[in-house]
Amino acid sequence: MASSSRAFFKVFNPAPKSIPRIGQSNLMQLTHKKQLPTFQRRGIAEDSLLPSSTTPIKPMNVETKHTRTMGDIFVQHCQKLELFRNVLRNVAELDALEGLNMIDAVQRLGIDFHFQREIDEILHKQMSNVSASDDLHEVALRFRLLRQHGYFVPEDVFNNFKDSKGTFKQVLGEDIKGLMSLYEASQLGTEGEDTLVEAEKFSGHLLKTSLSHLDHHHARIVGNTLRNPHHKSLASFMARNFFVTTQATNSWLNLLKDVAKTDFNMVRSLHQNEIVQISKWWKELGLAKELKFARDQPQKWYIWSMACLTDPKLSEERVELTKPISFVYLIDDIFDVYGTLDDLILFTEAVNRWEITAIDHLPDYMKICFKALYDMTNEISCKVYQKHGWNPLQSLKISWASLCNAFLVEAKWFASGQLPKSKEYLKNGIVSSGVNVVLVHMFFILGQNITTKSVELLNETPAMISSSAAILRLWDDLGSAKDENQDGNDGSYVRCYLEEHEGCSIEEAREKTINMISDEWKKLNRELLSPNPFPATITLASLNLARMIPLMYSYDGNQCLPSLKEYMKLMLYETVSM
Numbered sequence: 003m004a005s006s007s008r009a010f011f012k013v014f015n016p017a018p019k020s021i022p023r024i025g026q027s028n029l030m031q032l033t034h035k036k037q038l039p040t041f042q043r044r045g046i047a048e049d050s051l052l053p054s055s056t057t058p059i060k061p062m063n064v065e066t067k068h069t070r071t072m073g074d075i076f077v078q079h080c081q082k083l084e085l086f087r088n089v090l091r092n093v094a095e096l097d098a099l100e101g102l103n104m105i106d107a108v109q110r111l112g113i114d115f116h117f118q119r120e121i122d123e124i125l126h127k128q129m130s131n132v133s134a135s136d137d138l139h140e141v142a143l144r145f146r147l148l149r150q151h152g153y154f155v156p157e158d159v160f161n162n163f164k165d166s167k168g169t170f171k172q173v174l175g176e177d178i179k180g181l182m183s184l185y186e187a188s189q190l191g192t193e194g195e196d197t198l199v200e201a202e203k204f205s206g207h208l209l210k211t212s213l214s215h216l217d218h219h220h221a222r223i224v225g226n227t228l229r230n231p232h233h234k235s236l237a238s239f240m241a242r243n244f245f246v247t248t249q250a251t252n253s254w255l256n257l258l259k260d261v262a263k264t265d266f267n268m269v270r271s272l273h274q275n276e277i278v279q280i281s282k283w284w285k286e287l288g289l290a291k292e293l294k295f296a297r298d299q300p301q302k303w304y305i306w307s308m309a310c311l312t313d314p315k316l317s318e319e320r321v322e323l324t325k326p327i328s329f330v331y332l333i334d335d336i337f338d339v340y341g342t343l344d345d346l347i348l349f350t351e352a353v354n355r356w357e358i359t360a361i362d363h364l365p366d367y368m369k370i371c372f373k374a375l376y377d378m379t380n381e382i383s384c385k386v387y388q389k390h391g392w393n394p395l396q397s398l399k400i401s402w403a404s405l406c407n408a409f410l411v412e413a414k415w416f417a418s419g420q421l422p423k424s425k426e427y428l429k430n431g432i433v434s435s436g437v438n439v440v441l442v443h444m445f446f447i448l449g450q451n452i453t454t455k456s457v458e459l460l461n462e463t464p465a466m467i468s469s470s471a472a473i474l475r476l477w478d479d480l481g482s483a484k485d486e487n488q489d490g491n492d493g494s495y496v497r498c499y500l501e502e503h504e505g506c507s508i509e510e511a512r513e514k515t516i517n518m519i520s521d522e523w524k525k526l527n528r529e530l531l532s533p534n535p536f537p538a539t540i541t542l543a544s545l546n547l548a549r550m551i552p553l554m555y556s557y558d559g560n561q562c563l564p565s566l567k568e569y570m571k572l573m574l575y576e577t578v579s580m
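Each residue of the sequence shown is one higher than the one before, starting from 3 at the first, in the working numbering.
Printed below as a string of structure tokens:
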């Protein structure tokens, strides 16, 4: 940023004041003054298969046929990246469809950040060819890739595949590859696009029907498409499945897989180092020892950052983002598990005032939490100002106050034993999800496109935040279990809806909730196609957050998270054989 711009920002956006840090010894001494309160609304479910702060991360050990230094591996990796980059350009120039297939493969392996310039150039040229084919796979693939990249392609490109009655031709049922691409494309629909709604139903039905007569290999591919469409899934989680199910039929795919294997192992080592940093920060903070009622899962909290910010270059940003995420969980436990209503009111007032003197009347455990939150937020503000020339403290304070206000609203609801209307519940639940806090912090930590306009829009909770938050809240409420044992008077959207609509069955309420999640995805898709002042990194992070939600909230009968456990295992512990 130019020095003149910095000077301008200093006038209207002053530097953070020097905030004295609260000594760690002082924080720890607070707990010895009196006993902590024993009132509790709910207990904490044990995620026994998830690592805690005491679970060690083993150092990376990449096994190859020959002993090579990491420097040699890195040099060869760069050479292969450049080779594939040239192959991508040349193939796309000669064969448009094959170029699209290559981009699709790169994205499914989650390494498209290496080839963003080439992808931009190829897709820009493809805009002139959106419907110039009678091949369903090609038209649907081009449609999906262009929309994912922010190009608006009208849904009527699929009209060529409809009959005289305006419905999709039944003969398409013989084209399994085309149907899978059509199903994938339908996930990019926005509000009011009836053709894409019809496309999803049509292709989904025929693909499900085909499962019974396909061989095991192809049935696995089709089943995975139905369960995990690419646009709504984390590429980093699905990449290993792509390795297994995709059979190399050309040299470029073999080269790409080779590149991806090395990339996975290098990024895995990077993530392990980031976890070490987070674990060290969390241990030194000392909150796990002092607030024993709260969750102690820094690795799990880091997974949100890892999933949202996938570019390896954003290592420092992932570490910083995990810090506010940890406080969302911690404060959630104070409100849901431990605090009395009177104490929660005092805590919320303190966060709204954002003054260290505001905590004088708080119980000791809340003083510890507030002072740690206060220090962390001011520290992040100082770092953002020093690095990007903007003081985000006001926006960060607003986000924390909004979160605590929403938590308090829920605490009062549940203390009264009365359920709110479903609409009111969801409106508040969007804020209490914590998504706004996370994405606001992320925006400033990334430091891209920070302007008065973008900050004002951010403070108003734009659709990319509210829709991701609604998806989280609704997904969470759909679950048969949660991260907390619900032995208190907890609520959910489904329960509020049932209370409000007499005679409605649980199945109908759940279907309503599922449809609402689909509608929120359509709003997110609209954000992909709409101009806004936010950087592409933020938009992608919002999408990745929504993609991460099923992994975080798909509990089994034992209140464990098998999908999350598998994701952490793949990303942090397993080496891909070379």
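Just so it is clear, CB atoms sit at the ideal spot from N, CA and C, and this is done for glycine as well.
Going straight from the alpha carbon of residue i to that of residue j, what length do you get?
i	j	result
T577	V269	11 Å
V433	F409	8 Å
K179	H139	6 Å
H227	G419	Before going further, note that residue 227 is Thr rather than His in the sequence given. If I take the Cα positions, the gap works out to 43 Å.
V155	K127	13 Å
L208	K291	55 Å
M30	Y367	Note that M30 scores 31 on pLDDT, short of 50, meaning its location in the model is unreliable and no value can be drawn from it.
F115	H363	50 Å
D265	D313	11 Å
Y575	L174	43 Å
A142	N267	33 Å
H68	H79	Any reading at H68 needs caution, since the residue's pLDDT is 44, under 50, leaving its predicted position unreliable; the model's value is listed next. Going by the C-alpha atoms only, they are around 16 Å apart.
T379	F446	12 Å
H390	G449	6 Å
S556	E412	23 Å
E568	M554	11 Å
A543	T169	36 Å
K2	V353	With the chain running from 3 to 580 in the structure shown, residue 2 is simply not present.
Y495	H503	12 Å
I508	L500	7 Å
F160	L348	58 Å
M570	E95	39 Å
K423	N517	18 Å
M182	R222	12 Å
F244	R87	20 Å
L421	W415	6 Å
Would you check if the distance between the CB atom of residue i and the CB atom of residue j is smaller than 7 Å?
i	j	result
S401	V437	no
P537	N461	no
S470	L547	yes
Y304	I333	no
Q279	V321	yes
E157	L125	no
A296	L343	no
R144	L102	yes
C498	Y387	no
L184	A201	yes
E510	I473	no
H273	M308	yes
Where does residue i land, buried or exposed, given buried means 16+ other C-beta within 10 angstroms?
i	result
R355	exposed
D122	exposed
S130	exposed
P533	exposed
Q299	buried
S238	buried
V261	buried
D335	buried
T539	buried
K167	exposed
M444	buried
To the nearest whole angstrom, what separates the beta carbons of residue i and residue j, a pair I think is in contact under 8 Å?
i	j	result
P564	D558	6 Å
L323	L311	7 Å
R229	A187	That pair is no contact at about 17 Å.
L236	V224	That belief does not hold up - the Cβ atoms of L236 and V224 are roughly 20 Å apart, past 8 Å.
L258	L99	No, L258 and L99 are not in contact; Cβ-Cβ is about 17 Å, not under 8 Å.
G191	N527	6 Å
I440	P326	Per the sequence presented here, residue 440 reads as Val, with Ile not at that position. Yes, V440 and P326 are in contact; Cβ-Cβ is about 7 Å, under 8 Å.
M466	E513	The pair is not a contact, with the Cβ atoms about 26 Å apart (cut-off 8 Å).
Inside the stretch 65-107 only - alpha helix (DSSP H) runs reaching at least 4 residues
72-96
In chain order, which alpha helix (DSSP H) runs of at least 4 residues are fully inside the stretch 524-579?
538-555, 564-570
If you scan the stretch 164-199 from start to end, which runs of the alpha helix (DSSP H) of 4 or more residues do you find wholly inside it?
178-188
Go through the stretch 226-304 residue by residue and report every complete run of the alpha helix (DSSP H) that reaches 4 residues or more, in order.
237-247, 253-287, 289-292
At 4 residues or longer, what runs of the alpha helix (DSSP H) sit wholly inside the stretch 390-477?
395-418, 424-434, 437-448, 454-461
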